[in-house]
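For the sequence shown, numbering that gives the first Met the number 0 assigns the number 0 to the initial residue and increments by one for each residue that follows.
Even glycine gets a Cβ: it sits at the ideal position worked out from N, Cα and C.
The structure presented is a predicted model; accordingly, all values stated were derived computationally and were not measured.
Below: one structure, written as structure tokens.
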Amino acid sequence: MARTEVDLMHPSAREVVRPQKNWAWVVFALMGVLIGASFWGLGFARGSDAAKTTLWWFTLTASSLVLARAHSPKLTRWTWMLMTTFFVLDCASQGVIRGFFGVSPQPNVLAEALANTNTAEASGFVMEQRWPIFKGLAWAICLMLLGWQGRKVWAEAPKRPYSRPAFWGMAALMTFTVLLHFNPSMLGAQPFLRWGVLFSSHAEAQKEIQAFENQRKALWRQHAAWDAHLVDQRPHTVVVFIGESDNRLNWHLLGYPRDTTQPLQEAFEKLPGQVTLFSNATSQQAFTLPSLKLALTPATSEQPDLWKTTPDITFMAKEAGFYTRWLSNQPSNDGWFAAIARDADEKVFINNGNWRDSSSVDRDLVKPLRKMLSQAARPYELIVIHLLGQHFHYELRCPKGIGPFSGVDDDPVMQDMKRAGRKDSIRQSRNEYDNAVYCGAQANAEMLQAISELRNDRKISVLYFSDHGQEVGHNRNFSGHSEQDASGYSIPMWLWNYQPGQKPQKIHIETKKFPLEYADQAMQHLLGIHSKWYEKKSDPLSAAFNAEAAH
Numbered sequence: 000m001a002r003t004e005v006d007l008m009h010p011s012a013r014e015v016v017r018p019q020k021n022w023a024w025v026v027f028a029l030m031g032v033l034i035g036a037s038f039w040g041l042g043f044a045r046g047s048d049a050a051k052t053t054l055w056w057f058t059l060t061a062s063s064l065v066l067a068r069a070h071s072p073k074l075t076r077w078t079w080m081l082m083t084t085f086f087v088l089d090c091a092s093q094g095v096i097r098g099f100f101g102v103s104p105q106p107n108v109l110a111e112a113l114a115n116t117n118t119a120e121a122s123g124f125v126m127e128q129r130w131p132i133f134k135g136l137a138w139a140i141c142l143m144l145l146g147w148q149g150r151k152v153w154a155e156a157p158k159r160p161y162s163r164p165a166f167w168g169m170a171a172l173m174t175f176t177v178l179l180h181f182n183p184s185m186l187g188a189q190p191f192l193r194w195g196v197l198f199s200s201h202a203e204a205q206k207e208i209q210a211f212e213n214q215r216k217a218l219w220r221q222h223a224a225w226d227a228h229l230v231d232q233r234p235h236t237v238v239v240f241i242g243e244s245d246n247r248l249n250w251h252l253l254g255y256p257r258d259t260t261q262p263l264q265e266a267f268e269k270l271p272g273q274v275t276l277f278s279n280a281t282s283q284q285a286f287t288l289p290s291l292k293l294a295l296t297p298a299t300s301e302q303p304d305l306w307k308t309t310p311d312i313t314f315m316a317k318e319a320g321f322y323t324r325w326l327s328n329q330p331s332n333d334g335w336f337a338a339i340a341r342d343a344d345e346k347v348f349i350n351n352g353n354w355r356d357s358s359s360v361d362r363d364l365v366k367p368l369r370k371m372l373s374q375a376a377r378p379y380e381l382i383v384i385h386l387l388g389q390h391f392h393y394e395l396r397c398p399k400g401i402g403p404f405s406g407v408d409d410d411p412v413m414q415d416m417k418r419a420g421r422k423d424s425i426r427q428s429r430n431e432y433d434n435a436v437y438c439g440a441q442a443n444a445e446m447l448q449a450i451s452e453l454r455n456d457r458k459i460s461v462l463y464f465s466d467h468g469q470e471v472g473h474n475r476n477f478s479g480h481s482e483q484d485a486s487g488y489s490i491p492m493w494l495w496n497y498q499p500g501q502k503p504q505k506i507h508i509e510t511k512k513f514p515l516e517y518a519d520q521a522m523q524h525l526l527g528i529h530s531k532w533y534e535k536k537s538d539p540l541s542a543a544f545n546a547e548a549a550h
């Protein structure tokens, strides 16, 4: 007994029973920072997406480890490896997908691609993306090897009862982790649920489109009652550009100090025929869907639900004998627009990404448009071109290397914004937005040139309008869609009319009001058709138009 007491007093015995410091949580934190930083640094994700993944690591993984550690070191070790492996593989797969689709893919686009692919397409994808796949796998293997080393630290972590403060801290962490699942943006980035959310979004989008298609089928059965008929029998081509988030207050052609519209102005000056700029066009809504439901159908602000029971302009054109084409830089599974496009005789979508975050630019529409126009012209032809325009994120709206206003900080526009107290971030957004306006002008100019070259033997009408405006520091420290500012409704609009043999004419500035809700009346005018809904007093292109009387 005495010997035992002496042995316990020996220094080596005291060292054995002394608590050892464990570095498990330090390793956990370093791994989280490394995953998030490299996920962004290697170009696998945007900063905001990498931040979401990092937050999930520090909440979901931490909660899982806390629960496992309360059970046993073995469970803790395997929980560490499971979470590390799942996070790393999810990040690597996101990097490959981002490289293929441009930025962050729209869930329904990716889900549809996965659901409808075949072996040949899968093999082609692997071959085309072999280097991004190799890069992602190499990164994943390196991180998993680090995770494998880290498991030793967790295996050595002793099982201890939690103190009262630690218990309440653990409860708060788990509560916060659960609450994060109620945020749709965060839920879509949760590694374990991402794919379920993705396919659920796809299913909802398809259900919505199907509902619209059923509605349109029922509507088409009534087409004889529309009385849509040609009143101009001459062969002609009508092109309608639908812009996105474009503000006429930022157009140099309409008085803005910066030359944001130089490419378009040069195109206008060369075009034969007459170009008309509408300096007082406004949308009646500040968001896309409610605005275009008024612009493309007989619905008005007084009868906003009329779009449900009346045809859009493409339906009217088809009934009157037009061949319809739909060319878009917006996703192909976007509700009402997708349903309209599917009824077109031809449809081409170039945007495989998210409608906001896609790196597909409007200039990419030039090639498919030329391909369309290289076909023999139909007697009556309507082409709708749906642009991504100036929708945020503004910095993605230009091809690489184009940004005439990037970094500008001392021109009259910036000086005015500084005097108005606009923040640095808002001034930067204005530069990016003006770049987007310039690139939009460039894309439209190139498409106009293609139309002029390939349809110069017939009557042509081209109408451009934006769905709504955009507030970018015009009235306050804010950048985005705005219902409270006039800038949210200030839109550019122009019209080019051409007859074979005409020479270029001076650009005409039309100052009378052009409410976008009557664009469907103007488009019937340009198409040379009338329907039961057409009224001259509601047609902004008619001499009889009266904006007040039209209501």
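Start and end of the beta strand (DSSP E) containing residue i?
i	result
Val-394	Note that residue 394 is Glu in the sequence shown here, rather than Val. Premise fails: Glu-394 is in no beta strand (DSSP E) and is neither H nor E.
Phe-464	458–465
Lys-346	345–348
Gln-273	273–277
Leu-387	Element bounds for Leu-387: n/a, residue is neither H nor E.
Thr-296	Premise fails: Thr-296 is in no beta strand (DSSP E) and is neither H nor E.
Thr-596	Since the first and last residues shown for the chain are 0 and 550, residue 596 lies out of range.
Ile-140	Not the beta strand (DSSP E): Ile-140 falls in the alpha helix (DSSP H), residues 129–154.
Glu-482	Counting along the chain, Glu-482 falls outside any beta strand (DSSP E), and DSSP gives it neither H nor E.
Glu-509	507–509
Quick check on DSSP: helix, strand or coil for residue i?
i	result
His-524	helix
Asn-434	helix
Tyr-85	The question names Tyr, yet the displayed sequence has Phe at residue 85. In the structure shown, Phe-85 sits in a helix (DSSP, three-state: H, G or I).
Ile-208	helix
Arg-13	Any reading at Arg-13 is ruled out, since the residue's pLDDT is 45, under 50, leaving its predicted position unreliable.
Leu-488	What sits at residue 488 in the sequence shown is Tyr, not Leu. Coil, per DSSP.
His-251	helix
Trp-22	coil
Asn-115	The pLDDT assigned to Asn-115 is 48, lower than 50, so where the model puts this residue is not dependable; a value taken from the coordinates is nonetheless given after this. It is helical.
Pro-514	strand
Ile-401	coil
Val-177	helix
Asn-455	coil
Pro-503	strand
Trp-79	helix
Trp-495	strand
His-473	coil
Leaving out the 5 sequence neighbours to the left and right, which residues in its chain are closer than 7 Å to residue i when beta-carbon positions are compared?
i	result
Thr-510	Ser-278 and Asn-279
Glu-394	Glu-431
Met-0	Low local confidence applies: a pLDDT of 42 at Met-0 is under 50, so the model's placement there is unreliable, with the coordinate-based value given in what follows. Counting only Cβ-Cβ distances below 7 Å, and skipping sequence neighbours, we find nothing.
Val-238	Ile-382, Ile-384, Ile-450 and Val-461
Arg-150	Arg-76, Trp-79 and Met-80
Gln-93	Phe-43 and Ala-44
Ala-266	Ala-444, Leu-447 and Gln-448
Pro-262	Ala-440, Gln-441 and Ala-444
Gly-551	As shown, the chain starts at 0 and ends at 550. That puts residue 551 outside it, with no answer to give.
Excluding the 5 residues preceding and the 5 following residue i in the sequence, name in chain order all residues of the same chain whose CB lies nearer than 6 Å to its CB.
i	result
Thr-60	Met-82
Gly-484	Residue identity check: residue 484 is Asp in the sequence provided, not Gly. Hits under 6 Å: Glu-470 and Asn-474.
Met-559	Because residue 559 is not part of the residues shown, which for the chain are 0 to 550, the question remains open.
Please list the terminal residues of the continuous alpha helix (DSSP H) segment that includes residue i.
i	result
Glu-265	261–269
Ile-339	334–341
Arg-324	Careful: Arg-324 lies outside any alpha helix (DSSP H), inside the beta strand (DSSP E) at 322–327.
Val-65	61–70
Thr-236	Not the alpha helix (DSSP H): Thr-236 falls in the beta strand (DSSP E), residues 235–242.
Ile-312	312–318
Pro-411	411–418
Leu-186	183–186
Pro-367	365–372
Going by CA-CA distance only, name the one from the options that's closest to residue i.
i	options	result
His-507	Arg-150, Glu-268, Pro-256 and Phe-85	Glu-268
Ile-241	Lys-417, Leu-326, Lys-512 and Ala-69	Leu-326
Gly-135	Ser-199, Gln-221 and Gly-42	Gly-42
His-70	Ala-44, Val-95 and Ala-154	Ala-154
Ala-375	Thr-313, Pro-234, Ala-266 and Asp-311	Pro-234
Asn-434	Val-152, Trp-250, Leu-29 and Arg-341	Trp-250
Val-412	Gly-254, Gly-439, Gly-527 and Phe-544	Gly-254
Gln-214	Ala-419, Ser-63 and Ile-339	Ile-339
Thr-621	Trp-335, Val-347 and Asn-332	Past the boundaries of the shown model lies residue 621; the chain is included only from 0 to 550, so the question cannot be answered.
Pro-499	Ser-162, Gln-273, Ala-521 and Thr-309	Gln-273
Leu-179	Thr-308, Trp-56 and Gly-487	Trp-56
By Cβ distance below 8 Å, which residues in the same chain neighbour residue i in space, the five residues on each side in sequence not counted?
i	result
Ala-139	Val-87, Leu-88, Cys-90 and Ala-91
### Task
Take every Cβ of the region 419–427, pair it with every Cβ of the region 204–211, and state whether three or more of those distances are shorter than 8 Å.
no
### Message
If contact is defined by three or more beta carbon pairs under 8 Å, each pair taking one atom from either stretch, is the region 186–197 in contact with the region 489–500?
### Response
no
### Query
Counting Cβ pairs, one atom from each stretch, are 3 or more of them under 8 Å apart for the region 398–406 and the region 466–483?
no
### Query
Within the chosen definition, does the region 358–369 reach the region 440–448 through at least 3 CB pairs nearer than 8 Å?
yes
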